[in-house]
Amino acid sequence: MELNAVEGKPIYVQIAEWLEEEILRGHIKEHEKIYSQYQLAEMFNINPATAAKGINILADQGILYKKRGLGMFLSPEAKEKIRDKRKNHTLKKLVEEVVFEAQLLGVTEAELISMIRDAGKEFDEHDEHEGIEGG
Amino acid sequence: MDVISCQGLTKTFGRVRALNNITFTIGQNRITGLIGPNGAGKTTLLKIIAGFLRASSGEVRVFSEDPFNNLKVAANMIFIDDQMRFPQSLTLSEILASAAAFYENWDMELARGLFDYFSLDPEQYHHKLSKGMKSTFNMIIGLAARCPLTIFDEPTTGMDAGVRKDFYRALLRDYLQNPRTIIISSHLLNEIEDILEDIFLLSEGEKRLQTPVSDLKEFAVALRGRREVIDKLTADQEIYYQKSVGKDYSYVVIRRDAAEELLKKAGRDGLEVFPVKADDLCVYLTSRKRGGIDSVFDRN
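For the record, the sequence lines run as chains X and Y. With my numbering applied, the first sequence corresponds to residues 1 to 135, in that order. With my numbering applied, the second sequence corresponds to residues 136 to 435, in that order.
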C-alpha cells in the first residue's frame, strides 16, 4: 500500500486504519504479535515515531495489548471492536455524505437504495475470493 | 537527554541580525526537519550548532558543551552541505579511507555499497564531479560516518528525483538500524515530511514553530464558501491564508479547533472543508503578510 500524502488524513491515522484492515481480513490472529513500529517504518517509509503513534491509537482502544518488553499483541475482542467502531463512525459518516450528495442532486430514496444494491452486487462478485469475514 | 539546547541564541553579521533570540532543545535520536524560506537563517543556525560559527549572544550547548572550536563536538558531529571541500589530490576512494580514520563509527561496508549503487568512480576526483554527484558523494560520507549528531544542510541540491528518493530511503533505513540525532534542512517540507519526527520552522531569523510533524497536519484546515458567509464566520479568527475563488467565493485557512467550533455553530451548509498540506501550512506560517503568528507560539 502506498500512503496518501495528499489526502488530509495524518499518516499515523492511515497506519492505524491499515492495521485495522489487516486484522479484519484475518491476516493477524488473536494473541499474535503485530508489526513493530520499526517494521512499519520500513514498510511505509515513515518515521518510527509516526508508526508508533498509529499503533498506540489501537492500543488505547483495546484492540492491541502490550506485553512488557515483547511488543504489541492482538486482543481477542479486536475484530469486534474494530467492526463496532467503524460501523458507528466511519460507515455512519460515509452514509451521511452519500445522503447529502443524493439530496443535493435530487436523487430519491428509492433510487439511492437501488444504487446501493447494485454496488453491493458488484462487490460480491469481486470479493468472493478475498475471504473477508463478514459480521 | 537533549543533544542540543539553545537559550536566547542571537547571531549578527555587522548590522544584519541573522538569528534573533532563539530558544529550543532537540532530543536524542530524533529526526528534525529545519524548514524555512531562503534567507531564513537555516544555515547560520546549523553552523552555530556545528561549532563553525560563534553565537553573538545567548547560550548554545551541544552534547552539554559549547560547540565552538570544540573537539568533542567535532568528533561526534558531521555537517554535510554542498560547500564541502576535500583535498584536490585525493581520489574519492582515498577520501573515504581518510574519513574512516577520523570517524569512530564509520561504516565502510555501507559507504562502499552506496558508492557502487550510485555508480561513483573510486578513481575520480571530488572537484571534477557534477553538482548532483557531489551531493550524492557528500551524502554517502554523512551516512557512513554514523555520527551521533548528523546535520544535512540542503543535502539534495542538484540530485535528480530518483536519487533524492533513494537518499531519503537510505537515511531512514540506516536510522532504523542505527538511531541517532539527525537534522535536515530544506525549504521544501513535502519531500522529507514522512521521515521526520519533528519540524522546526524558521523565518527571518526567528523560530516560528517546533512540533511533531503529525501535529502539524492537524493544525489547520481550509474553508471554502460564499465570501459573505466566510467573512462573517471568520471575523474573529486568526487567518493564516486567504484567497478569492471566482467572484463570490473565498478560501481561508484557520486553526482546526477553531474551525470545528465554527462549523458546530454554523453548520456545514454551503461550506466545504479541506485539509491543508503540511508544506503549504509552512509557507503560510512563514510568510509575512498575515500577522498574528503568536498563537502558534502560545500553543506550546
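All residues carry an ideal CB built from backbone N, CA and C; glycine is no exception. All figures in this text were calculated on a predicted structure; none of them were measured in a lab.
For residue i, which residues in chain Y fall below 8 Å Cβ to Cβ?
i, result
"X:Glu-136", "This structure cannot speak to residue 136 of chain X, because chain X is shown only from 1 to 135."
"X:Lys-53", "Ser-349"
Can you tell me whether DSSP reads residue i as helix, strand or coil?
i, result
"Y:Thr-167", "strand"
"Y:Ser-228", "helix"
"Y:Leu-420", "helix"
"Y:Arg-152", "strand"
"Y:Arg-189", "coil"
"Y:Val-197", "strand"
"Y:Ala-175", "coil"
"Y:Pro-410", "strand"
"Y:Gly-143", "strand"
"Y:Ser-254", "coil"
"Y:Asp-137", "strand"
"Y:Gly-426", "At Y:Gly-426 the pLDDT is 43, less than 50, meaning the model places this residue with poor confidence; the figure from the coordinates comes in the next sentence. Of the three classes helix, strand and coil, the one that applies to Y:Gly-426 here is coil, per DSSP."
"Y:Tyr-260", "strand"
"Y:Met-268", "helix"
"X:Glu-96", "helix"
"Y:Trp-241", "coil"
"Y:Arg-247", "helix"
"Y:Asp-433", "Residue confidence is low: Y:Asp-433 scores 48 on pLDDT, short of 50, so the model does not pin down where it sits. No coordinate-derived value is stated."
"X:His-27", "coil"
"X:Glu-20", "helix"
"Y:Arg-304", "helix"
"X:Pro-48", "helix"
"Y:Met-294", "coil"
"Y:Met-219", "coil"
"X:Lys-9", "coil"
"Y:Ala-370", "coil"
"Y:Val-364", "helix"
"Y:Glu-326", "coil"
"X:Thr-90", "helix"
"Y:Phe-203", "coil"
"X:Asn-56", "helix"
"Y:Asn-273", "helix"
"X:Gly-134", "Note that X:Gly-134 scores 43 on pLDDT, short of 50, meaning its location in the model is unreliable; the coordinates nonetheless yield the value given after this. DSSP places X:Gly-134 in coil when its eight states are reduced to three."
"Y:Glu-353", "coil"
According to DSSP, residue i sits in a beta bridge with which residue or residues?
i, result
"X:Leu-64", "X:Leu-74"
"Y:Met-212", "Y:Leu-284"
"Y:Ile-335", "According to the sequence displayed, residue 335 of chain Y carries Phe and not Ile. Y:Leu-169 and Y:Gln-345."
"Y:Leu-358", "Y:Val-387 and Y:Val-408"
"Y:Lys-378", "Y:Tyr-386"
"X:Ser-36", "Bridge partners of X:Ser-36: none, in fact."
"Y:Phe-159", "Y:Cys-141"
"Y:Ser-81", "Absent from the structure is residue 81 of chain Y, since the part of chain Y shown begins at 136 and ends at 435."
Counting only Cβ pairs nearer than 8 Å, list the residues of chain X close to residue i.
i, result
"Y:Leu-331", "Asn-47"
"Y:Ile-166", "Asn-47"
Note down, in chain order, every chain Y residue with its Cβ under 7 Å from the Cβ of residue i.
i, result
"X:Ile-34", "Residues of chain Y passing the Cβ test: none, with the nearest at roughly 17 Å."
What in chain X is Cβ-close to residue i, meaning under 7 Å?
i, result
"Y:Ile-170", "The premise fails here: Y:Ile-170 is roughly 15 Å from chain X at the closest Cβ pair, so nothing lies under 7 Å."
"Y:Glu-353", "Pro-10"
Below 7 Å, is the gap between the Cβ of residue i and the nearest heavy atom of the ligand FAD?
i, result
"Y:Ala-305", "In the structure shown, the ligand FAD is absent, as is every other ligand, since no ligand is present at all."
Under 9 Å Cβ-Cβ, which residues of chain Y neighbour residue i?
i, result
"X:Ile-15", "The contacting residues do not exist; X:Ile-15 stays about 10 Å from chain Y at best."
"X:Ile-82", "Correct list: empty, because the minimum Cβ distance to chain Y is about 21 Å."
Quick test of your reading: residue i and residue j, contact by CB under 8 Å. State the CB separation rounded to the nearest angstrom.
i, j, result
"X:Ile-23", "X:Leu-74", "7 Å"
"Y:Gly-162", "Y:Asp-137", "6 Å"
"Y:Thr-147", "Y:Ser-191", "5 Å"
"Y:Tyr-303", "Y:Ile-330", "6 Å"
"Y:Arg-390", "Y:Glu-407", "Wrong, their Cβ atoms sit about 17 Å apart, outside the cutoff."
"X:Ala-51", "X:Gln-37", "4 Å"
"X:Leu-64", "X:Leu-58", "5 Å"
"Y:Ser-270", "Y:Met-243", "So it is not a contact: roughly 21 Å between Cβ atoms."
"Y:Ala-280", "Y:Ala-234", "6 Å"
"Y:Ile-215", "Y:Met-274", "7 Å"
"Y:Ser-349", "X:Pro-10", "5 Å"
"Y:Asn-156", "Y:Thr-145", "6 Å"
If contact means a Cβ-Cβ distance below 8 Å, which residues of the stretch 51–76 of chain X contact chain Y? Within the stretch 51–76 of chain X, the qualifying residues are Lys-53.
Note to self: If the cut-off is 7 Å on Cβ atoms, which residues from the stretch 294–305 of chain Y count as contacting chain X, listed in chain order?
What the structure shows: Answer set for the stretch 294–305 of chain Y: Arg-304.
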